[in-house]
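Undergrad:
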Amino acid sequence: EIKRRKVALPEVIVNQNLISHYYKALSQVSNRLELTDRITLSDILSLPETIYLKKGGAIKENVRPLINKNLRKALKQLLQMREKEGKEHYCSIREYLRRIQKDVLKIEKEIPLIQKKYEHRIKETLGKLIDKSDRKKVLNELSSLSWRGDISEEILRLRSHLDQFQTTLKNQGPIGN
14 EIKRRKVALP
24 EVIVNQNLIS
34 HYYKALSQVS
44 NRLELTDRIT
54 LSDILSLPET
64 IYLKKGGAIK
74 ENVRPLINKN
84 LRKALKQLLQ
94 MREKEGKEHY
104 CSIREYLRRI
114 QKDVLKIEKE
124 IPLIQKKYEH
134 RIKETLGKLI
144 DKSDRKKVLN
154 ELSSLSWRGD
164 ISEEILRLRS
174 HLDQFQTTLK
184 NQGPIGN
């Protein structure tokens, strides 16, 4: 909960003596040079130290404990929020990993069927190409089909990534900033 309090605005100080001196000096220069331009308030206010803010003093000692108390409270709330958010992310990521692992198992069970389908396609394609007696084309097609049919490397890579995620999730404490 944020409580709003009135904020004391700094006092604006107009240095009228300095403004008068600037005006006299500028008027004298203008007369001496026989200038016809008028001296405006904005001309004078653009000069240094004509207007400034009165700065407040240092933090009063009786206010410091209140500031420290509220700062500690805000930091505690921030840490609690980050911890809650982290737990929510942890649960979501674990669920995603569980689903992916389940899908990988399904894919691995399908590998023999996939290989049989590829084998059938290879035999079918070879049958068509052999009739045409193009040995080079047959070998190229055979190589291409066998390479596309092997997904074991992708499965291995995916399992490695899943293991790395699991290891990272098991680490206690914050990761990153």
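Each number in my numbering comes from the position in the sequence shown (counting from 1) with 13 added on. Every residue, glycine too, gets a C-beta built ideally from N, C-alpha and C.
Do you know offhand how far V27's Cα is from L91's?
TA: Between V27 and L91, the C-alpha separation is close to 43 Å.
Undergrad: Could you give the uninterrupted runs of the beta strand (DSSP E) lying entirely in the segment 35 to 107, keeping only those of 3 residues or more?
TA: You should have 64 to 67.
Undergrad: Just the Cα atoms here: how many angstroms apart are I171 and L84?
TA: Sequence inspection shows Leu at residue 171; the Ile mentioned does not correspond to that position. Each residue's alpha carbon lies about 45 Å from the other.
Undergrad: Consult DSSP for I164 and reduce its assignment to one of helix, strand or coil.
TA: In the structure shown, I164 sits in coil (DSSP, three-state: anything other than H, G, I, E or B).
Undergrad: Residues in the same chain with beta-carbon distance under 8 Å from E62, minus the five sequence neighbours each way, listed in chain order, please.
TA: N28, L31, listed in sequence order.
Undergrad: Report the option in T49, S173, I120, N153 whose CA atom is closest to the CA atom of I135.
TA: For the residues T49, S173, I120, N153, the minimum Cα distance to I135 belongs to N153.
Undergrad: Which one or two residues does DSSP pair with E24 in a beta bridge?
TA: DSSP lists K67 as partners of E24.
Undergrad: Can you tell me which of the three DSSP states N30 falls into?
TA: Helix.
Undergrad: I'd like the list of long-range same chain contacts for V117, defined as Cβ closer than 7 Å, with 5 residues on each side in sequence excluded.
TA: So the qualifying residues of the chain are I168, L171, R172.
Undergrad: Give me the residue from K68, L39, P23 with the minimum Cα distance to S49.
TA: The identity of residue 49 in the sequence shown is Thr, whereas the question assumes Ser. Closest by alpha carbon: L39.
Undergrad: Determine, using beta carbons only, whether K82 and P23 come nearer to each other than 8 Å.
TA: No; because the gap between Cβ atoms is not below 8 Å, this pair is not in contact.
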